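Heads up: the structure comes next, in structure tokens.
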Amino acid sequence: MEKLDVKQTVIDKAINYVAPTWGANRMRSRYMMAVAGAYIGASRSRKETRDLPSRIGDANADSLQDLPDLRTRSSWHIRNTPIAAGAINTNCYHIVGPGMKLQSRIDRHVLGMGEDEAEEWQDKAEKEWRLFAETHDCDIARKQNIYQQQDAVLRGELERGDVFALRTYKKRKTSPYGTAIQLIEADRVCNDPEISLRNTKNLIAGIEIDDDGEPIKYHVRTTHPGTDIGKFERKWVRIPAYSKSGLWNVTHIYKQLRPGMVRGVPYISGIIEQLYQINKYINGTVAAAVIQSYFTVILQTQTGQQGINPLVSTSAVGKDQKADEDYKLQNAGILEVKNVDEVKFAQPNQPSLTFNAFMQGMFEVLGPALGVPYELLIQHFQKSYSSARTSLLVAWKMFSTKRATLEWQFCNPVYEAQMHEAVLLGRIIAPGFLDNPLMRKAYLGAFWVGPTPGS
């Protein structure tokens, strides 16, 4: 049975000295409270759990303070840690792939259309969408089509925690549509210091919200905080979340993990420390193996005569050498030492026999945190077909969830903006689209077709 560790405080000792009975009652109450706890994990008296944090914080208090460091370290890992980069690529290849294509699926019963009429309307809507989406004109910077933007949005959300899409207008001769999308990286949305540098009840991490938590305006810095170009330019624009007509101006793509959470956290936030340690372990093992491979033969002599340069390749023998040699490790090295006449061949022991087993164990631990089974995480399928198939199907539960989020927060809003302009231009005939919410929703019905699990 566990021994309860209920210690007297300074106040308890003072009360015991003045009023022992009262002090005894206080201690009795303390013991009763300690015994009353039903969860061992909540115990503060057990040495195994006493170091666990017990601070209460809401979704923003528990994330916003750490968010800048989480973003920076997440990006560092994606650039420098293969398994982190692989996890991001695996998500993007299976969720977006070459692009999520629109299939219009209107609710013809609400719209009062026959089957043939509905098919004709859907074909027209899809053609207009492709006219808008499959050119670089849909990008304000004219660099990506909509399918490339889908990939950029997903990568930005996974790497930095969230990303913003701004609906802009720029008329070009090459397209009938002026609607264009501008992607904004997470770091650029931050508090305008002219309003409030610190977070307040209605301004949190660059997002103005009302008393119900609904976004009203977004504070967007004109330059990235980490840029070397125009880094001294500190200007912000405040963009309303919706236009006067009710159409969105900014859509925020992120995964809300808790109620009230206003900003997202990077995909690998929970395993950054483990990834860093694994990265150091891999680099150390590779470095040890490389250094060990340089020493091929060791000559041990009693005379200590200067012979072959100990730390250069055998191809350097016979060439002029400086007295004060600048030694450098190279392949096929021969090391000469003073001792007894003996020739030894170096026996490499790096990487160790436990390296593969250890790495496999670590990846099996990291996989569930990422929602990606071990086999898919390292792209190595050694077991049976059924086992590999099961791993892929398990991963697809996560992929389909993320795809749905991308559809709701990016694809559908962009389609709505394009369709809104198409109706205004008269390129799409949609009675009731602009003034009847039910009919508008019926017209905007759509599926997004992307990569499949395969067979």
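Residue 1140 in the numbering used here is what sits at position 250 of the sequence shown, and the numbering runs on without skipping anything.
All C-beta atoms in this analysis are idealised placements derived from N, C-alpha and C, irrespective of residue type, glycine included.
For clarity, every value in this text was computed on a predicted model and none was experimentally measured.
Closest in C-alpha terms to Ser1242, from the list Val1176, Leu1283, Thr1280, Arg1128, comes Val1176. Each of Ala1307, Gln955, Pro1341 was checked against the Cα of Ser1135, and the nearest Cα belongs to Ala1307.
Bridge pairing for Ala1070: Thr1058 [DSSP]. For Leu992, the uninterrupted beta strand (DSSP E) segment begins and ends at 991-994. With fewer than 16 other Cβ atoms inside 10 Å of its own Cβ, Leu942 counts as exposed.
Between Leu1296 and Gln1040, the CB-CB gap stays under 8 Å. Ala1332 and Asp1006 have their C-alpha atoms some 16 Å from each other. Here Ser964 is near Pro1156, since their CB atoms are less than 8 Å apart. The C-beta distance from Glu1265 to Ala1247 rounds to 16 Å, too long to meet the 8 Å contact threshold. Contact fails between the region 1115-1134 and the region 1279-1293, because fewer than three Cβ pairs, one in each stretch, are under 8 Å apart.
Straight-line measurement puts the Cα of Ala975 at about 20 Å from the Cα of Pro958.
Arg1045 sits away from Ile946, with the two beta carbons spaced by 8 Å or more.
Under DSSP, Ala1336 forms a beta bridge with Ser994. DSSP places Val1155 outside both helix and strand once states are collapsed to three, so it counts as coil.
Taken through DSSP and simplified to helix, strand or coil, Lys1107 comes out as strand.
Linking Thr1117 to Asp1077 through their CA atoms gives a straight-line distance of about 11 Å.
Just measuring C-alpha positions, the residue of Ala1336, Trp1138, Tyr1184, Lys1170 sitting nearest Ile1106 is Trp1138.
If you check the CB distance, Phe1245 and Val1140 do not come in under 8 Å.
Between Ser1281 and Pro1263, the C-beta spacing is below 8 Å. Bounds of the alpha helix (DSSP H) holding Val1313 are 1302-1315.
Secondary structure of Pro1327 (DSSP, three-state): helix. In the structure shown, the three-state DSSP call for Glu1098 is strand. Only exposed fits Gly1068, as fewer than 16 other CB atoms lie within 10 angstroms of its CB. Excluding its 5 nearest sequence neighbours in each direction, Lys1145 has C-beta neighbours in its own chain below 6 Å: Gly1154, listed in chain order. Bridge partners of Trp1138 according to DSSP: Tyr1132. For Asp959, DSSP assigns no beta-bridge partner whatsoever. Check the Cα spacing between Cys1028 and each of Gly1322, Trp1338, Glu1311: the tightest is with Glu1311. As a beta-bridge residue in DSSP terms, Glu1075 pairs with Val1053. The beta carbon of Asp1052 lies closer than 7 Å to those of Ala1076, His1142, Ile1143, Tyr1144, Arg1153, Gly1154 in the same chain, with the five residues before and after it left out. Beta-bridge partners of Tyr1144 (DSSP): Asp1052. In the three-state scheme derived from DSSP, where H, G and I count as helix and E and B as strand, Val908 is classed as helix. Measuring C-alpha to C-alpha distances from Ile1158 to each of Leu1267, Thr911, Leu1260 identifies Leu1260 as the nearest.
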